[in-house]
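Protein chains: 2
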Amino acid sequence: MTKDPDARTPEPGGPGLRSDAQRNRERVVEAARDVFAEQGLDASTNEIARRAGVGVATLFRRFPTRDDLIAAAFADKMHAYSVAIDEALADPDPWSAFCGYIQRVCQMQADDRGFADVLTMTFPTAKAFEEERNRSADKLTELLDRAKAVGRLRQDFAHQDVPLILMANAGVVTATRDAAPDAWRRLVGYLIQSFAAETARPIPDPPTPRQMYRALMRLSRKTS
Amino acid sequence: MTKDPDARTPEPGGPGLRSDAQRNRERVVEAARDVFAEQGLDASTNEIARRAGVGVATLFRRFPTRDDLIAAAFADKMHAYSVAIDEALADPDPWSAFCGYIQRVCQMQADDRGFADVLTMTFPTAKAFEEERNRSADKLTELLDRAKAVGRLRQDFAHQDVPLILMANAGVVTATRDAAPDAWRRLVGYLIQSFAAETARPIPDPPTPRQMYRALMRLSRKTS
DNA sequence: CCCGAAGTGGAGCAGGTATTCCAAATGGGT
DNA sequence: ACCCATTTGGAATACCTGCTCCACTTCGGG
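Residue numbers (the UniProt record's numbering), protein chains in the order written: chain A, 1 to 224; chain B, 1 to 224.
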C-alpha cells in the first residue's frame, strides 16, 4: 500500500531493490565483467548467470536487454577511458601525452576482450556511454591540437584515426592474445612512429567522421 | 574459375564422380565462395547448401569437414595470393614491390571477408595451403631482403610483421567494410610509411616466429 | 529401354543459444 | 511470529546450429 507502483529508478545500483536482490544484481555485473573480459561481448547469457550463481531469470529481470548488461558491466572501464584522456591532458609534453594515451587505450583493449569490442563496435550498446564519449571527443581534439601545435604530431592526423587505431589493434589482440600477448605493442610502435610530424608523407584521406560514426554503430544487429 | 581438367589441384574437382554430382559439387563451391566472402568463415553450412540449391547432405558428402570446403572455396584465391608475391619479385624496384605487395594483399582482405579470415586465422584449415604458404614464405624473405638491401626497408622489419599487418588490417576491414570501405587504405598508408628505413626509430620486438605460428593456428577450436 | 549403383534431399537428432513463465522461497515491515 | 509482495531458480519454449540417416531419384553402361 505504501509502495508506489511506478517508483522505478532507471539505472543506478539499486534503489528500491530488496537487499538480497541488490546483492544478486552486483554478482551478475561482476560475473559479466569477468566473462566479457575473457570471451568478448558475444559471450553466452547462460554462462554469465551460471558464473554469477543466479538463475537466468534473475539476470533478465535486472537487465532486460543485453545492452543494459553491457552498460552496467563496462561503466567503470568507460570511466577509466575518459579519465585516461584527462591524465593525458595533464602531461606537460603534448607528444608524450598523445603517445601515452594511445598506448594506454590499446593496453585496455589488450586486457579485456569485451572492452576491445565496446571501443570498436562501440555505442551500439548504450546511451549511457554516449555522453562520456562526447566529453572525451572534445578533450581528444584538444590533445591532438596541442600535439600538432608543438609540431610533433602530423597536421593531417584526423581524430577519426583514433578509432581506426583501435580497430587495427583489436584485430591484432584478438588474433594474438593467447600466443603473443605483446604483439600489439609492436603494431602500436609502428603506428605512433608514423604519426610523427617530421617524417610525415602523404597518405590516403581518413574516413569522414560520419563514416566512422556509422562504422562504430555497425553490428548492433548481426550479419543481416 | 577456368575449368581445366588437369590444370592444378591434385585430386579436386571429381575423379570418378558422376557428371551431375560433379556439377553439384561445383555449385557448392561457388556458393561457398559467395557466402564466405559476404559473411566470413563462420557462415552457416545450411545457408551455403541452400544458396547452392542442394541438400545439406550433398554438401557434407562432398566436404566432410568444414576445412575441406574452405580449402576448395579458397584454392584459387590462395593461388592468387602466392602469385602476388611472384609479381612483386618481378618488380625491379624492391621498395615499390614491397609496398605494392602489402597493399595488394590487404586489398584482397578488404574484398573478401572469408579470405581475410583465412589469412589471419589461417592454416587451421588446410594442409593444402601449407605448401603454398611455405613457398610464399621463402619468396617473402627474398622480397624483404631486397628491400632492405637497397636501404628502403628498415632493417628490423621482421617477416612476422606481415601477418601482424594482416591482423590489423582485418580488424579495420571487418569494422568499416560497410560504412567506410576504404578506411583500411589509410591504415596501410600509415604502416608502410613506418616501415621506411630512413625514418626508423626503435620499436618493441616482434613476436617470435613460433608465437606467430601459434597465433595463426588459434581458433581452429573455438573459445574453449 | 532398363536396371543397379551412385547420388540426392529433407526429415530427424543432438546440442547450442535467447527469452518467458510460474510455483515456491524469501525478506522485512508489522 | 506472521504474512504477502518481492524475488527467485529452473523448467519450458522457440528458435538456431552442425551433422546423419534413409527412402527415393537419376545417371549411364548394357
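Just so you know, even glycine gets a beta-carbon here, dropped at the ideal spot from N, CA and C.
No residue range can be given for M121 of chain A, since it is assigned to no alpha helix (DSSP H) and is classified by DSSP as neither H nor E. Contact note: L191 of chain A reaches chain B through Y190, L191 and S194, using a C-beta cutoff of 8 Å and chain order. Distance from the Cα of R154 of chain B is smallest, within the candidate group B:Q193, B:A197 and B:L89, for B:A197.
When the beta-carbon positions are compared, T176 of chain B and A168 of chain B stay at least 8 Å from each other.
D156 of chain A has a beta carbon lying at 8 Å or more from every beta carbon in chain B. Close to A179 of chain A, with beta-carbon spacing below 9 Å, are these residues of chain B in chain order: P207, R210, Q211, M212, Y213, R214, A215, L216, M217 and R218.
Beta-bridge partners assigned by DSSP to A147 of chain B: none are found. Rounded to whole angstroms, S136 of chain A and I85 of chain A show a C-alpha spacing of 7 Å. Against chain B, the beta carbon of T120 of chain A has neighbours under 7 Å at A175, listed in chain order.
Taking 8 Å as the cut-off, the Cβ atoms of L89 of chain A and A97 of chain A count as close.
Using beta-carbon distances, D182 of chain A counts as an interface residue toward chain B, with a partner under 8 Å. Interface with chain B (8 Å Cβ-Cβ cutoff): G114 of chain A is excluded. Judged by DSSP secondary structure, E30 of chain B falls within the alpha helix (DSSP H) whose first and last residues are S19 to Q39.
The alpha-carbon of E87 of chain B is positioned some 31 Å away from that of I192 of chain A.
Ranked by Cα distance from G171 of chain B, the first of A:F63, A:T208 and A:L216 is A:L216. A Cβ-Cβ distance of about 16 Å is found for the pair V162 of chain A and A110 of chain A, leaving them out of contact under the 8 Å criterion.
In the pairwise beta carbon analysis, the region 110-120 of chain A is classified as not touching the region 46-55 of chain A: fewer than three pairs are separated by under 8 Å. Chain-ordered, the chain A residues with CB closer than 8 Å to the CB of G171 of chain B read T120, M167, A168, N169, A170, G171, V172 and T174.
Rounded to the nearest whole angstrom, the CA to CA distance from G151 of chain B to T141 of chain B is 15 Å. Not flagged as an interface residue toward chain B: I48 of chain A, since no C-beta distance is shorter than 8 Å. Ranked by Cα distance from H159 of chain B, the first of B:T208, B:S194, B:R185 and B:D117 is B:T208.
Counting only runs that start and end inside the region 169-205 of chain A, the alpha helix (DSSP H) elements of at least 4 residues fall at 183-195.
When CB distances to chain B are screened at a threshold of 7 Å, the residues of the region 30-47 of chain A falling below it are Q39, in chain order.
One Cα belongs to K77 of chain B, the other to A72 of chain A, and the distance between them is close to 44 Å. In the DSSP assignment, L153 of chain B is bridged to B:A196. If you draw a straight line from the Cα of V28 of chain A to the Cα of A43 of chain A, it is about 14 Å long. Think of a sphere of 7 Å around the beta carbon of L164 of chain B: the chain A residues whose beta carbon falls inside it are V172, A183, R186 and L187, in chain order.
For I203 of chain B, the chain A residues whose Cβ falls inside 7 Å of its Cβ are R186, G189, Y190 and Q193, in order along the chain. Here L164 of chain B is not near L164 of chain A, since their CB atoms are 8 Å or more apart. Every unbroken stretch of the alpha helix (DSSP H) spanning 4 or more residues and falling wholly within the region 57-99 of chain A is given here in chain order: 66-90. T45 of chain B sits in a helix when the DSSP states are folded into three classes. When the beta-carbon positions are compared, R218 of chain B and A179 of chain A come within less than 8 Å of each other.
For P209 of chain A, the uninterrupted alpha helix (DSSP H) run begins and ends at P209 to M217, by DSSP. In this structure, the straight-line span from the alpha carbon of G189 of chain B to that of A116 of chain A is close to 23 Å.
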